[in-house]
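Chains as they are written, first to last, in numbering that gives the first Met the number 0: chain A, 0 to 502; chain B, 0 to 397.
Note that the Cβ used here is the ideal one computed from N, Cα and C, for glycine as well.
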Amino acid sequence: MLAAVPSATLLGVQGHRVRVEVHVSEGLPGFTVVGLPDASCREARDRVRAALLSSQLIWPLKRVTVNLAPTNLRKAGSGLDLAIAVALLGASGQLDPELLRGAAFLGELGLDGAVRRVIGMLPLCEAVGASRPVVPLVDLHEASLVRPDARGVASLTQLVLALRGEEPWPQAPGPRRVPEPLGPVPDLAEVQGHAIARGALEVAAAGGHHLLMVGPPGAGKTMLAERLPGLLPDLDDAGALDVSRVHSAAGSLSDVPSLVRRPPFRSPHHTASLVALIGGGSSVLRPGEISLASGGVLFLDELGEFPAAHLDALRQPLESGEIRVARAMVGATLPARFLLVAATNPCPCGAGPLGRCRCSPGQVARYLRRLSGPLLDRFDLGLWVDPPEPAAVLGTGSAGESTAVVRDRVAAARERARARGVDANRQLRGEALDRAAPLSDAGVALLRDRLEAGTLTMRGAQRVRVVALTIMDLEERSGRLTPDELHVALSLRSQDGVLGVAA
Amino acid sequence: MIGDGPPEVLPHEAYLAALASLDRVGPATLRALLTLGDPAAVWERVRAGRLPAALVATFPPASAAVVGTWPGLARGIDAAVLWKRCVRLGVGAVSLGSPGYPVALVDDPDPPVLLFHLGDPDVLVAPRVAIVGTRRATGYGLRQARALGAELAQAGVCVVSGLALGIDAAAHRGAIEAAGAPPAAVVGGGLESPGPVRNARLARDIARTGVILSEAPPGVTALPWRFPVRNRILAGLAQVVVVVESAPVGGSMLTVQEAQTRDRPVLAVPGPVDSLVSQGTNLLLGEGAGVCAGTQDVLCLLSLAGLVGPVGPAGPAAMVDPRPQPVGPAARVLDELGWRPSTIEQLALRTGMGLRGLSAAIGRLEQDGWAVRRGGFVERVARAEVREGKATVAYRRR
C-alpha cells in the first residue's frame, strides 16, 4: 500500500516542501529511505521503528520504501521523522489515509514516541503550503506566528488518537516565559557626554549609514554601539517576518511570543570563524552572524583584530544586502541587510595621537593596514570617540535625549526615505540621488574644491551627498544641499581625520 | 682566486667599500684595520683570516666579537663587483683625504673613513642646519618641521636631516617644496634604497636636487647600531642642530650629544608640557639649549638674520593674513579651540554646540585654512602658508 503526506525541510532560512511517500509491500522485511536524505535523515528508520513500538503501534514486517520527493533536493535533519511515521501508519493500514488528507507533519521523534522540537519551524510552516501543519507541541507558538491553524502534539500516541478523533487535539501550553525578544535595549539617555557621538548615532540610524568608531579603550565605543538598535524604528510586517525567519532557522526564536519586531543586535567576537560570520555548514547551511543581524545592527568590536579574509567577505553582502552561500551539494541565499558598526583602537597602544602614543609609525601603519581600503570605503560615517571629560560624567548636566525621542526623529527621517522609494537613504544611487539631493551653488563649489584638492573621491562625494541628505531629513528641511550639511557630512566622512597616520 | 681580476685597476675606495660591507665594521674598526696598510692589502688579509690578535684587541668589543665571521663573509664579496654596483647605481664614494670629501667633516673628531653619496655633494658648501626629531611626531611638530625646512631652504640654508619618518621627512619635504637651497640627508643603510620604504619618493626628490650621504656601502641594511653612528655625521655636518620634537631618550637626543661634543649650537622647539614627544625638547631648553620659535632664531646663529625677509613665525606680524576672518559660530569655535589640539567632543563640551552646528563650523574653518583635523583632533593653524598643498605655491611666488 502507498501513503503520502506533505512535510518540509530547511535549507538556509527557507523551508522547502517535501512529499514523504511510503510504500509497503510484500517481500523481505526491510526499510529503505531514498531521495537524497542526509545521515540524520537516514537515521529516521531507527527512530521511527522504536517510536512506533513504544507507542504500541505495529512495525510492519514487510518491505518498506520511503521516498522523499522532490528527489533532487537534499534533505537534512530529523524534522521528517513524524511525517515518515504517519505515512508509514497510513501505508500499513493502521491509520485511515482519509484522516491524513490536508495535513502536513513536522517533528522529530524520540525513541519513546515523543514528538520533539525542530529548528526553523517558522520557515518550515510557511513551506507546507495549503496543508494544515501538525507540529511538536513545544513549537506550536512559533508555528502559530505564521500559521494560526497549526496544531501541536506531544507524542505519537496523542497524534494517532487525535487523528482518529478519539481524543481532542492538545491545547498549546499555558503562558510561556515571555522574555523581551532580544533582551532589554539600553537607553541613550544613560550616555554621559558624547554629544557628538550621539548625533552621529542618530545620523547612522536615520540613513542606515555604516559607522566606524575610532577611539582609545574605555572611551565608550561599545556602550554607544549597543544603543544604536534602540534608535531604529520597529520592523514592518515584511521585515519582521524576514528577521523572524532567520532567527527561527538559527533555533533562537522558539520562546518568543510574537514575531521579532525590534531590530536585532549581534556582536560576534573577533575569533568567530568565517562560517560563523557568513553562514554555511556542509548540508544545513545555518545562517551566520551577518544574517542574524539582518534588519538590525552588526557590531564588530576591535575591527582590526578580525582576520582580513573575514572582513573582506563582508564587502559583497554590504553592497547587495544578501549573501549567497554555496557548497558542493547545496546553495542558499541568506539575507544580510545589516547596519554595520565597527570599533577600533587608533593604534596598538590605544592612546592615540597628541604625543601620548608610544607606538612607532610603522606599528600604527601595520595596525591600520589590516583594514582594507575597500572596506573602509563602505563606512559613510567615521567618528572619533574619546573618553568623556570628568565634568561631563560627574556633572549634574542635564541628561541627553532618551532613545524614544531620537527614535521618533529617526522614524520620521526613514519615512521621508521611503517616499523616495528606498528603506534608508544609504540605498540611494545615481539618478535617484541626483533627484533627491540636488546641490546648491555653494554646495557644488565646496565639493568641487575638495575634489580638485584630491581630498575627496567621486565615490566619496556621492556618499557625502547622501549623508547630507539624511541630516536634512532629520532636521525636516527640504531643498538643495547647502555647505552647512555638506560640511557636517564631510567631517563625518573623513577617514583621514579619524585614522591619523603620521606622515 | 679566478674571479679576482686585475686588482690594480680598482680605486682604493673599492676595497674600503668591501671592508665596510663586513658585519659590524664602523668607522673606528675601519680606521683600526687601515693601520695594517693600504686597503687592498688589508682586504686580502681579512679574506685570508690573517688579522693580528693585537689589532683585533683594539677593535670595539661588538666588532671584535664577530671577527671570526669575516673571512667567510669576505669570500662572498668581490670588491670589483661591489664597485661596479656603485657605479651602476650612480653612487659615488669619497674617502677621507681625497678631493670631494665634505670639508665640514675633515676636522671632525670621528670622521667617516669612507662616505657614499647619491646626488650632488657640492650642495654641502651652503650653510647647513640639521633638523631632527621623533618619528612619532604630532601635527604640531610636523608643521614646525615643514615650515622650518621650507623657510631655511629659502634663506639659502642646506637643510640636513636623517630621512626618517616624522620630523625628518617633514623637514625634507618642506625644503624641497620651497625650492630654495637643496637639502641633504644622511642615512644609516646602503644607498640602493635609502631610508624607509614610505619615504622612497622623498629620497628620490632629495637625490635629484640635493644629496644623500651614507657610510654604508650599497646592499648593507640599516641595522640599529648604524643609526647612532649616522647621527654623528648629521651633527658633524650641521652648523646648527634644531630639535623639533623628541622624547627624553632617543636618536634625536644622541644627535644632540654628538653636536655638543662638537660645540655645535643646539636649538629646541618648545612644545606642550604634557606631550611625550615634547618632553625631550623642553628638557633641552631647561638645560640651556636655545629656543627655536621660528626661522629667524636659526638664521641669527648663522649670522644670516635680516638678510632674508620676515618669514619666521616669530617675525613681525606685518604680513596680511589672506584667510577670510571667521564669523559667527566658526569664530566662537576658533576661540574655544585656542592653540591646544582638541577632540570634537571636547569642543562640543566647551562650546555647548551639537554635532551639526559644530561640524559645520569646523568644516568652514578647515575650508578657510584656520584648522586641520588629524587623528581625531582638531588643531589650529597659525599661518595660511602652512596649509598642505598651498605651501608650494606660496613659497614659489615670493
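Three-way DSSP call (helix, strand, coil) for residue i in this model
i       : result
L414(B) : The requested residue 414(B) is not part of the displayed model; chain B covers only 0 to 397.
N344(A) : coil
Q539(A) : Examination of residue 539(A) is not possible in this model, given that chain A is present from 0 through 502 alone.
P185(A) : coil
N424(A) : helix
R464(A) : helix
M252(B) : helix
G459(A) : helix
V186(B) : strand
L162(A) : helix
A68(A)  : strand
E451(A) : helix
M120(A) : helix
R200(B) : helix
S6(A)   : strand
K220(A) : helix
P323(B) : coil
H15(A)  : strand
R261(A) : coil
P36(A)  : strand
V332(B) : helix
Proximal chain B residues relative to residue i, where beta-carbon distance stays under 7 Å
i       : result
C356(A) : R135
S359(A) : R134, R135
H582(A) : A query on residue 582(A) cannot be resolved here, the shown segment of chain A reaching from 0 to 502 and no further.
G198(A) : G353, L354, R355
I470(A) : R355
Interface residues of chain A facing residue i [CB-CB closer than 7 Å]
i       : result
R363(B) : H486
A359(B) : D483, H486, V487
Closer than 9 Å at the beta carbon, the chain B residues around residue i
i       : result
L491(A) : L354, S358
Inset, instruction - Closer than 8 Å, Cβ to Cβ, to anything on chain A: give me those residues from the region 199–222 of chain B, in chain order. - result: none
Inset, instruction - Specify whether the region 65–78 of chain B and the region 136–147 of chain B touch according to this definition: at least 3 beta carbon pairs, one from each stretch, less than 8 Å apart. - result: no
Inset, instruction - Could you name each continuous alpha helix (DSSP H) segment of 4 residues or more that falls completely within the region 56–91 of chain B, going from the start of the chain to the end? - result: 60–63, 69–74, 78–88
Inset, instruction - Examine the Cβ distances between the region 129–145 of chain A and the region 56–70 of chain A and report whether three or more of them are shorter than 8 Å. - result: no
Inset, instruction - Output, in sequence order along the chain, the residues in the region 341–352 of chain B whose CB is closer than 7 Å to any CB in chain A. - result: T342, I343, E344, Q345, A347, L348
Legend entry - Members of the region 69–89 of chain B that neighbour chain A once the beta carbon cut-off is set at 8 Å: none
Inset, instruction - Determine contact between the region 195–205 of chain B and the region 224–233 of chain B, defined as no fewer than three beta-carbon pairs at a distance below 8 Å. - result: no
Legend entry - the region 0–15 of chain A in contact with the region 117–130 of chain A per 3-pair CB rule at 8 Å: yes
Legend entry - Residues within the region 311–325 of chain A neighbouring chain B, beta-carbon criterion of under 9 Å: none
Inset, instruction - Count the C-beta pairs between the region 149–158 of chain B and the region 248–266 of chain B that are closer than 8 Å, then say yes if the count reaches three, no if not. - result: no
Legend entry - alpha helix (DSSP H) runs contained entirely in the region 278–336 of chain A, provided each spans 4 or more residues: 288–291, 307–312, 314–319
Legend entry - Stretch pair the region 80–88 of chain A + the region 182–198 of chain A: three plus CB contacts closer than 8 Å: no
Legend entry - the region 181–191 of chain B / the region 159–172 of chain B touching (three or more Cβ pairs under 8 Å): yes
Inset, instruction - Tell me, please, whether the region 67–79 of chain A touches the region 26–36 of chain A by the rule of three or more beta-carbon pairs shorter than 8 Å. - result: yes
Inset, instruction - For the region 289–303 of chain A and the region 337–350 of chain A, state whether three or more C-beta atom pairs, one from each stretch, are separated by less than 8 Å. - result: yes
Inset, instruction - Flag this pair as touching only if the region 126–138 of chain B and the region 160–175 of chain B have three or more C-beta atom pairs under 8 Å; answer yes or no. - result: yes
Inset, instruction - Report the residue ranges of all alpha helix (DSSP H) runs contained in full by the region 258–291 of chain B; include only those spanning at least 4 residues, in chain order. - result: 275–285
Inset, instruction - At 3 residues or longer, and completely inside the region 88–171 of chain B: list those beta strand (DSSP E) runs for me, N to C. - result: 91–94, 113–118, 127–131, 157–160
Legend entry - Inter-stretch contact at 8 Å, needing at least 3 Cβ pairs: the region 104–113 of chain A / the region 44–64 of chain A: yes
Legend entry - Validate contact between the region 117–129 of chain B and the region 33–43 of chain B using beta carbons, cut 8 Å, 3 pairs: no
Inset, instruction - Give, in chain order, every unbroken run of the beta strand (DSSP E) that is at least 3 residues long and sits entirely within the region 83–136 of chain A. - result: 102–104, 131–135
Inset, instruction - Flag this pair as touching only if the region 429–444 of chain A and the region 456–466 of chain A have three or more C-beta atom pairs under 8 Å; answer yes or no. - result: yes
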